[in-house]
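Comments concern the structure below.
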Amino acid sequence: MKLPVITIPFILILILIPILSIEGITPWLISIFFIYRIIKNSKKLDIPTKQSILKISIINTILGVSMGLIFNLTCIYGTKLFYMFQ
5 MKLPVITIPF
15 ILILILIPIL
25 SIEGITPWLI
35 SIFFIYRIIK
45 NSKKLDIPTK
55 QSILKISIIN
65 TILGVSMGLI
75 FNLTCIYGTK
85 LFYMFQ
């Protein structure tokens, strides 16, 4: 089964996480994990409906973007604390 076209914008949004990120490998791992989940779940459905694929893609994209944002905010806060105590 081919990858549904409706998942492509969500995958592109998840690719932006490491591109716009501060740190190195962790945002890439977050992005790859949620892209893998979108692809796996959209291919695993017995009767793939547009609504169920859209729901899976939206949930995984929101989780991935929020985890990337939390990671970046934590890095910024940790860097400020490091320089404050130096």
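Numbering-wise (our numbering), the sequence shown opens with residue 5 and increments by one.
Backbone N, C-alpha and C fix where the C-beta goes; we use that ideal spot for every residue, glycine too.
Cβ pair residue i, residue j closer than 9 Å
i, j, result
"Ile39", "Ile19", "yes"
"Ile12", "Thr65", "no"
Neighbourhood of residue i by C-beta, 6 Å cutoff - its chain only, sequence neighbours within 5 removed
i, result
"Asn45", "Ile60"
Proximity to residue i [Cα-Cα], best of the options
i, options, result
"Leu67", "Ile80, Arg41, Thr53, Gln90", "Arg41"
Backbone CA spacing between residue i and residue j [nearest angstrom]
i, j, result
"Phe37", "Phe86", "30 Å"
"Phe89", "Phe14", "40 Å"
"Ile63", "Lys84", "32 Å"
"Leu7", "Lys48", "11 Å"
"Leu58", "Ile51", "13 Å"
Cβ shell of residue i (< 8 Å), same chain only, five flanking positions each side left out
i, result
"Asn76", "Ser25, Ile26, Glu27, Pro31"
Cβ-based neighbour list, residue i, same chain, cut-off 7 Å, excluding 5 preceding and 5 following
i, result
"Ile21", "Pro31, Ile34, Ser35, Gly68, Val69, Gly72"
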